[in-house]
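A.B. asks: Protein chains in written order, with this note's numbering: chain H, 9 to 206; chain D, 9 to 206.
All C-beta atoms in this analysis are idealised placements derived from N, C-alpha and C, irrespective of residue type, glycine included.
Nothing here was measured: the structure is a model prediction, and the numbers come from that model.
There are 2 protein chains.
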Amino acid sequence: MTWTAETRSQKLVVDETTGGLEGATSTYEKRLGDLEGLYLDGEAFAGRAATDAETVVYRVHDLRPSDRPGDMIVGTSTLEPGTIGDEYYMTRGHLHAIADRPEVYHCVHGHGVMLMEDADGTTDAIEMTPGTVAYVAPGWIHRSVNVGDDRFVTVFSYPADAGQDYAVIERAGGMASRVIVDDGGSWKLVPNERYTGR
Amino acid sequence: MTWTAETRSQKLVVDETTGGLEGATSTYEKRLGDLEGLYLDGEAFAGRAATDAETVVYRVHDLRPSDRPGDMIVGTSTLEPGTIGDEYYMTRGHLHAIADRPEVYHCVHGHGVMLMEDADGTTDAIEMTPGTVAYVAPGWIHRSVNVGDDRFVTVFSYPADAGQDYAVIERAGGMASRVIVDDGGSWKLVPNERYTGR
Numbered sequence: 009m010t011w012t013a014e015t016r017s018q019k020l021v022v023d024e025t026t027g028g029l030e031g032a033t034s035t036y037e038k039r040l041g042d043l044e045g046l047y048l049d050g051e052a053f054a055g056r057a058a059t060d061a062e063t064v065v066y067r068v069h070d071l072r073p074s075d076r077p078g079d080m081i082v083g084t085s086t087l088e089p090g091t092i093g094d095e096y097y098m099t100r101g102h103l104h105a106i107a108d109r110p111e112v113y114h115c116v117h118g119h120g121v122m123l124m125e126d127a128d129g130t131t132d133a134i135e136m137t138p139g140t141v142a143y144v145a146p147g148w149i150h151r152s153v154n155v156g157d158d159r160f161v162t163v164f165s166y167p168a169d170a171g172q173d174y175a176v177i178e179r180a181g182g183m184a185s186r187v188i189v190d191d192g193g194s195w196k197l198v199p200n201e202r203y204t205g206r
Numbered sequence: 009m010t011w012t013a014e015t016r017s018q019k020l021v022v023d024e025t026t027g028g029l030e031g032a033t034s035t036y037e038k039r040l041g042d043l044e045g046l047y048l049d050g051e052a053f054a055g056r057a058a059t060d061a062e063t064v065v066y067r068v069h070d071l072r073p074s075d076r077p078g079d080m081i082v083g084t085s086t087l088e089p090g091t092i093g094d095e096y097y098m099t100r101g102h103l104h105a106i107a108d109r110p111e112v113y114h115c116v117h118g119h120g121v122m123l124m125e126d127a128d129g130t131t132d133a134i135e136m137t138p139g140t141v142a143y144v145a146p147g148w149i150h151r152s153v154n155v156g157d158d159r160f161v162t163v164f165s166y167p168a169d170a171g172q173d174y175a176v177i178e179r180a181g182g183m184a185s186r187v188i189v190d191d192g193g194s195w196k197l198v199p200n201e202r203y204t205g206r
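Structure below.
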């Protein structure tokens with residue numbers, strides 16, 4: 009015996025349409041009312057939040073076998089379609105608390121953008137439809153944005169010790185670029201006028 | 009500046025039917041002639057290898073950004089359908105060279121089994137169809153088996169420092185269990201009579 013296997017393997021089942029994950033051991037969701045300050049257009053947000061505060065904007069289901077270095081977490085991220093002002097629905101986004109940890113996202117439904125930013129404020133973006141895999145390199149802040157009319161669902165995996173740092177985005181007034189509605193229902197990147205730099 | 013991002017993120021595109029991976033940086037394939045000794049029925053193997061030695065049995069495409077601890081490798085595994093004797097086509101299988109590293113497999117096409125075995129010789133198996141995710145826990149030997157009539161395609165991710173130990177299977181005469189054809193085109197596990205124990 010030169011090695012041990014302390015935990016059991018797990019079968020999970022992804023529902024590509026709803027983003028459900030049978031076998032997940034934890035779940036969290038963000039409702040519109042939880043996301044004050046995330047969108048640039050505060051007036052549009054307040055108007056929507058007055059009536060739709062309980063509307064779910066995104067949901068995460070995952071399996072977290074451990075937080076041991078070398079282990080992995082796997083789950084699904086489901087972002088509803090919608091806009092606040094000219095800005096598409098997005099997740100809060102994060103840098104990993106251990107910043108040099110990557111993340112893999114595999115789109116299984118919908119149409120989204122993985123918006124990324126490095127320590128110098130450089131923006132990168134990967135457009136995703138079913139079959140697209142985004143390898144988010146170590147050290148890149150990242151957030152999912154739903155630029156389609158349907159749910160944007162990804163299957164993600166990342167190192168179990170990575171953690172999430174959300175404050176790195178809030179401290180800078182957001183990310184350097186915003187993903188907004190372009191003419192004809194498409195999307196484009198524009199500078200975030202509230203951004204204070206890294 | 010409290011962190012750096014030394015590498016760029018990457019967009020990959022999975023072809024679910026062929027297992028192709030646009031954006032992959034490395035590929036390898038195993039042909040029938042490479043797999044002598046893998047299947048129990050040596051006579052059936054020799055008969056097939058006489059004519060089909062060049063037939064591709066499985067192919068792996070991946071992105072290997074680094075082999076640094078904390079980074080990740082992502083790719084696709086594509087296993088053709090077929091049998092040798094009563095045994096379904098399978099990969100050689102491996103334990104990670106750093107044994108306590110897990111792996112995540114997400115089936116996007118076909119019908120397969122993730123066959124696993126721990127250090128005590130305990131067998132585990134996860135049946136996979138599109139949407140099934142197998143979290144292969146740290147310390148488990150694992151191999152993919154195609155029990156369907158079509159290609160079995162998975163998207164996998166694992167820690168970049170994990171490595172592969174193939175010899176652990178060869179040394180023991182294979183894995184404790186074999187996946188063979190059951191009546192009616194289904195599959196079942198049977199003890200591997202050549203297995204010498206861990």
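Just mark H:VAL198 as buried or exposed, buried being the case when its beta carbon has 16 or more other beta carbons within 10 Å.
C.D. replies: For the purposes of this step, residue 198 of chain H is taken as residue 190 along the first sequence, with counting starting at 1. Taking all protein chains in view, the Cβ of H:VAL198 is surrounded by fewer than 16 other Cβ atoms within 10 Å, so the residue is classified as exposed.
A.B. asks: Could you pull out every residue in the same chain whose Cβ sits closer than 6 angstroms to the Cβ of H:TYR143, ignoring the five residues on either side in sequence?
C.D. replies: Residue numbering aside, residue 143 of chain H sits at position 135 when the first sequence is read from its first letter. Cβ neighbours of H:TYR143 beyond the five flanking positions: VAL112.
A.B. asks: Measure from the C-beta of D:ALA133 to each C-beta in chain H and report whether the shortest distance is under 7 angstroms.
C.D. replies: Position 125 of the second sequence, counting from 1, holds the residue named residue 133 of chain D. Interface with chain H (7 angstroms Cβ-Cβ cutoff): D:ALA133 is excluded.
A.B. asks: For H:PRO138, collect the residues of the same chain with a Cβ closer than 7 angstroms to its Cβ; drop the 5 residues on either side in sequence, then sort them by chain order.
C.D. replies: On the first sequence, position 130 is the one that residue 138 of chain H refers to. The residues are CYS115, VAL116, HIS117.
A.B. asks: Distance check for D:TYR36 and D:VAL68, CA to CA, integer angstroms please.
C.D. replies: Mapped onto the second sequence, residue 68 of chain D falls at position 60. Mapped onto the second sequence, residue 36 of chain D falls at position 28. About 5 angstroms.
A.B. asks: Just to confirm my understanding: we take D:PHE160, look at its own chain, exclude 5 residues before and 5 after, and list those with CB closer than 6 angstroms. What are they?
C.D. replies: Within the second sequence, numbered from 1, the residue matching residue 160 of chain D stands at position 152. Excluding sequence neighbours, D:PHE160 sits near LEU87, GLY118, GLY120, ASN154.
A.B. asks: What residue ranges within the segment 118 to 196 of chain D form continuous alpha helix (DSSP H) runs of no fewer than 4 residues, ordered along the chain?
C.D. replies: 175 to 178
A.B. asks: Beta strand (DSSP E) containing H:ASP70: first to last residue?
C.D. replies: Position 62 of the first sequence holds residue 70 of chain H. Note, H:ASP70: beta strand (DSSP E), 64 to 71.
A.B. asks: So, is H:GLY83 buried or exposed, given that buried needs 16 or more other C-beta atoms within 10 angstroms?
C.D. replies: For the purposes of this step, residue 83 of chain H is identified with residue 75 of the first sequence, where counting begins at 1. Buried.
A.B. asks: Could you list the residues in the segment 108 to 130 of chain H with a C-beta less than 7 angstroms from some C-beta on chain D, going in chain order?
C.D. replies: ASP108, ARG109, PRO110, VAL112, HIS114, MET124, ASP126, ALA127
A.B. asks: Within the chosen definition, does the segment 15 to 35 of chain D reach the segment 50 to 70 of chain H through at least 3 CB pairs nearer than 8 angstroms?
C.D. replies: Taking 8 angstroms as the limit for Cβ pairs, the verdict is that the segment 50 to 70 of chain H does not touch the segment 15 to 35 of chain D.
A.B. asks: Quick one: complete alpha helix (DSSP H) runs, 4+ long, within the segment 11 to 65 of chain D?
C.D. replies: 50 to 60
A.B. asks: Compare the C-alpha of D:ILE106 against each of D:ARG206, D:GLU135, D:ASP75, D:VAL65 and name the closest.
C.D. replies: Taking the second sequence and counting its residues from 1, the one referred to as residue 106 of chain D is at position 98. The option with the nearest alpha carbon to D:ILE106 is D:ASP75.
A.B. asks: Short of 7 angstroms in beta carbon distance, which residues of its chain neighbour D:ASP23, apart from the five on each side in sequence? Order them along the chain.
C.D. replies: By one-based count along the second sequence, residue 23 of chain D stands at place 15. Around D:ASP23: no qualifying Cβ.
A.B. asks: Give me the Cα-Cα distance between D:GLU201 and D:GLN172, rounded to the nearest whole angstrom.
C.D. replies: In the second sequence, counting from the first residue as 1, residue 201 of chain D sits at position 193. In the second sequence, counting from the first residue as 1, residue 172 of chain D sits at position 164. Straight-line Cα distance between these residues: approximately 25 angstroms.
A.B. asks: Would you mind sorting H:GLU51 into buried or exposed? The rule is 16 or more other CB atoms within 10 Å of its CB.
C.D. replies: Your numbering for residue 51 of chain H matches position 43 in the first sequence. Classification of H:GLU51: exposed, given that the 10 Å Cβ count is below 16.
A.B. asks: Check whether the Cβ of H:TYR143 lies closer than 7 angstroms to any Cβ atom in chain D.
C.D. replies: By 1-based counting over the first sequence, the position of residue 143 of chain H is 135. So, interface residue.
A.B. asks: I'd like to know if H:ASP75 contacts chain D, where contact means its C-beta is closer than 7 angstroms to some C-beta of that chain.
C.D. replies: Numbered from its first residue, the first sequence carries residue 75 of chain H at position 67. Answer no: the Cβ-Cβ gap between H:ASP75 and chain D never drops below 7 angstroms.
A.B. asks: Starting from the C-beta of H:GLY156, find all residues in its chain whose C-beta is less than 8 angstroms away, skip the five residues before and the five after it, and write them out in chain order.
C.D. replies: In the first sequence, counting from the first residue as 1, residue 156 of chain H sits at position 148. Here the set comprises PRO89, GLY118, HIS119, GLY120.
A.B. asks: Less than 7 angstroms between the beta carbons of H:HIS150 and H:MET183, yes or no?
C.D. replies: Your numbering for residue 150 of chain H matches position 142 in the first sequence. Your numbering for residue 183 of chain H matches position 175 in the first sequence. Taking a C-beta distance under 7 angstroms as the contact criterion, H:HIS150 and H:MET183 do not qualify as a contact pair.
A.B. asks: So does H:LEU46 have its beta carbon nearer than 6 angstroms to some heavy atom of the ligand COA?
C.D. replies: Looking for the ligand COA in the displayed structure turns up nothing, as the structure carries no ligands at all.
A.B. asks: Taking the C-alpha atoms as reference points, what is the distance between H:VAL21 and H:THR162?
C.D. replies: Here residue 21 of chain H refers to the residue found at position 13 of the first sequence. Here residue 162 of chain H refers to the residue found at position 154 of the first sequence. About 13 angstroms.
A.B. asks: For D:ASP169 and H:ARG186, I'd like the C-alpha separation in whole angstroms.
C.D. replies: Sequence index remark: in the second sequence, residue 169 of chain D carries index 161 (1-based). Sequence index remark: in the first sequence, residue 186 of chain H carries index 178 (1-based). Computed Cα separation, rounded: 35 angstroms.
A.B. asks: Could you name the residues of the same chain whose beta carbon sits closer than 7 angstroms to that of H:PRO77, not counting the 5 residues immediately before and after it, in chain order?
C.D. replies: As a first step, residue 77 of chain H must be located in the first sequence, where it is residue number 69. Same-chain partners within the cutoff: ASP169.
A.B. asks: Between D:SER34 and chain H, is there a C-beta pair that is closer than 7 angstroms?
C.D. replies: For the purposes of this step, residue 34 of chain D is identified with residue 26 of the second sequence, where counting begins at 1. It does not: the Cβ of D:SER34 has no partner Cβ on chain H nearer than 7 angstroms.
A.B. asks: In whole angstroms, what is the alpha-carbon distance linking D:ALA127 and H:MET80?
C.D. replies: As a first step, residue 127 of chain D is located in the second sequence; it is residue number 119 there, counting from the start. As a first step, residue 80 of chain H is located in the first sequence; it is residue number 72 there, counting from the start. If I take the Cα positions, the gap works out to 20 angstroms.
A.B. asks: How should H:GLY207 be labelled, buried or exposed, when 16 other C-beta atoms within 10 angstroms of its C-beta is the threshold for buried?
C.D. replies: Residue 207 of chain H is absent from the model: chain H starts at 9 and stops at 206.
A.B. asks: Let's see if you can read the secondary structure: which residues bound the beta strand (DSSP E) around H:SER85?
C.D. replies: Taking the first residue of the first sequence as 1, we reach residue 85 of chain H at position 77. Note, H:SER85: beta strand (DSSP E), 80 to 87.
A.B. asks: Between which residues of its own chain and D:MET9 is the CB-CB distance below 8 angstroms, once the five residues before and five after are set aside?
C.D. replies: Against the second sequence, residue 9 of chain D aligns to sequence position 1. Only weak support exists for where D:MET9 lies, its pLDDT of 42 falling under 50; the coordinates are left without a value.
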